[in-house]
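Residue numbers (our numbering): 4 to 308.
Backbone N, C-alpha and C define an ideal beta-carbon position, used for all residues, glycine too.
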Amino acid sequence: MHNLASRRVVPGGICPICQTAEETIEHAILLCPWTRAVWFGSKFQWTINPNGLTSFDRWLLKGVNLIKSCSTDLETDLAVLSCIVWNVWKKHCKAIYQSVNPNPWMVIFIINSNQLEWNQSLHSNNQELREEIRTIPDREGWTPPPEGFIKINVDASWLSGNPFCSIGCVARDSNANVLLSSCRKVLAPTPLIAETLAIREGALIGHNLGWNNISIESDCKVAVDAYDAGKQMGEIRVLIQDIKDLQQRFQSCRVKWIARCKNQVSHLIAQLGLKNLLPPGWLWNLPKPIQKALIEDGRGIPPRF
Ligand SMILES: [Zn+2]
């Protein structure tokens with residue numbers, strides 16, 4: 004596009020999507036705000052650093068080498084990488100020629116679906132699970148958010164003597180479709196700090212992915228009460244302020260307490276994460292306990308993940 008603009012084939016060389024920068028290939032695929040959200044929301048959870056980014060080719064080579072150095076499923080990971088680049092480029096072109104603004108989380112969803120198809124074609128053992136889905140009775144559990152909202156369930160797992168806690172998050176839409184799940188270990192000196200960090204993680208995920216209306220659910224009553232009352236609770240005061248600042252960036256961002264039985268999926272992710280029981284590639288091939296909890300939450304409707 005930059006070349007076309009310099010030859011005056013198209014007007015101007017400014018990115019038509021964000022209109023804040025020159026539309027180079029690096030900007031279009033890596034640096035435009037919506038593409039950053041896609042890279043962050045992808046399997047690799049990469050944050051793109053514009054400093055030191057010289058050319059897309061070099062960046063891609065670095066990415067491939069990084070994957071080669073740590074991947075346990077190289078073929079799949081390289082397929083995912085090409086899938087992200089391809090989808091981002093496709094949506095960028097669509098934005099220009101059809102004036103359709105790209106929606107980062109929809110692109111992530113498409114990439115996830117492509118990945119799921121890829122996995123299913125490799126390991127077609129899901130039939131057994133689908134049979135189980137039909138036999139799960141309704142129970143009082145997780146409830147989907149209203150249409151247009153995304154619900155992010157969060158939880159932290161903390162163990163005395165371990166400086167790191169594990170934060171589990173799962174984001175679902177009003178049809179119980181899983182849009183994203185994540186697990187991260189962070190330093191947390193107390194369980195309350197860990198739980199509050201989990202709430203902040205939910206808000207950060209929503210913000211990074213450009214979601215406008217989110218509802219965060221945590222089963223830590225103390226943290227949610229402190230947030231609601233704006234209490235000056237020493238150890239989590241700064242974190243609560245952080246969450247409130249982030250909240251301003253959404254059209255709607257609710258933080259709600261729910262019982263543990265309604266928060267099973269994020270609870271499980273956090274627990275398995277703390278015990279290092281999440282296998283590599285778990286985001287794409289969810290461990291069976293997590294799949295079961297998702298299905299129970301969906302009340303017998305097979306969720307898409
Ligand atoms: Zn842009």
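DSSP places E220 within a strand segment (E or B) once states are collapsed to three. The beta carbons of F59 and I28 sit closer together than 7 Å.
In the assembly as shown, W89 is an exposed residue. Its beta-carbon has fewer than 16 other beta-carbons within 10 Å. The Cβ atoms of I87 and S45 lie closer than 7 Å to each other.
Counting along the chain, L183 sits inside the beta strand (DSSP E) bounded by residues V181 to L190. Counting C-beta atoms within 10 angstroms of its own C-beta, A179 has 16 or more neighbours from the protein chains shown and is therefore classed as buried. W42 and K188 have their C-alpha atoms some 20 Å from each other. Shortest Cα-Cα distance from V173 to any of I17, D300 and A24 involves D300. Between N279 and D158 the beta-carbon gap is near 17 Å, outside 8 Å, which marks them as no contact. In the assembly as shown, Y230 is a buried residue. Its beta-carbon has 16 or more other beta-carbons within 10 Å. Under a 10 Å Cβ-count criterion, A201 is classified as buried, with 16 or more other Cβ atoms of the shown protein chains found around its own Cβ. Using a cutoff of 6 Å, the CB of C96 does not count as near ligand 1, since none of the ligand's heavy atoms is closer than that. The DSSP-derived three-state label of G213 is coil. Our two residues, S116 and P282, have alpha carbons roughly 20 Å apart in a direct line.
In the DSSP assignment, W89 falls within the alpha helix (DSSP H) that extends over L77 to Q101. Around the C-beta of K94, 16 or more other C-beta atoms lie within 10 Å, and the residue is accordingly described as buried. In terms of Cβ geometry, S169 and L271 do not form a close pair [threshold 7 Å].
Under the 8 Å Cβ criterion, the region 236-250 does not count as touching the region 65-82, having fewer than three qualifying pairs.
Inter-residue distance for W285 and G55 is about 31 Å (C-alpha atoms, whole angstroms). Counting along the chain, the unbroken alpha helix (DSSP H) around A40 starts and ends at P36 to G44. Residue N216 holds the alpha-carbon nearest to the alpha-carbon of L249 among A197, N216 and I20. For N156, the enclosing beta strand (DSSP E) stretches over residues I153 to S160. Of the heavy atoms belonging to ligand 1, none sits nearer than 6 Å to the Cβ of I51. Just so you know, the alpha carbons of I32 and N106 end up roughly 14 Å apart.
Under DSSP, F47 forms no beta bridge with any residue. Shown here, A174 sits in a strand according to DSSP, grouped into three states. Contact check for I155 and G205: beta-carbon distance about 4 Å, within the 8 Å limit, so the pair qualifies. The continuous alpha helix (DSSP H) containing K295 extends over residues K291 to D300. Rounded to whole angstroms, S221 and Y100 show a C-alpha spacing of 42 Å. Going by DSSP, S58 is part of no beta strand (DSSP E) at all; its letter is neither H nor E. In this structure, the C-beta of C21 approaches ligand 1 to less than 6 Å from one of its heavy atoms.
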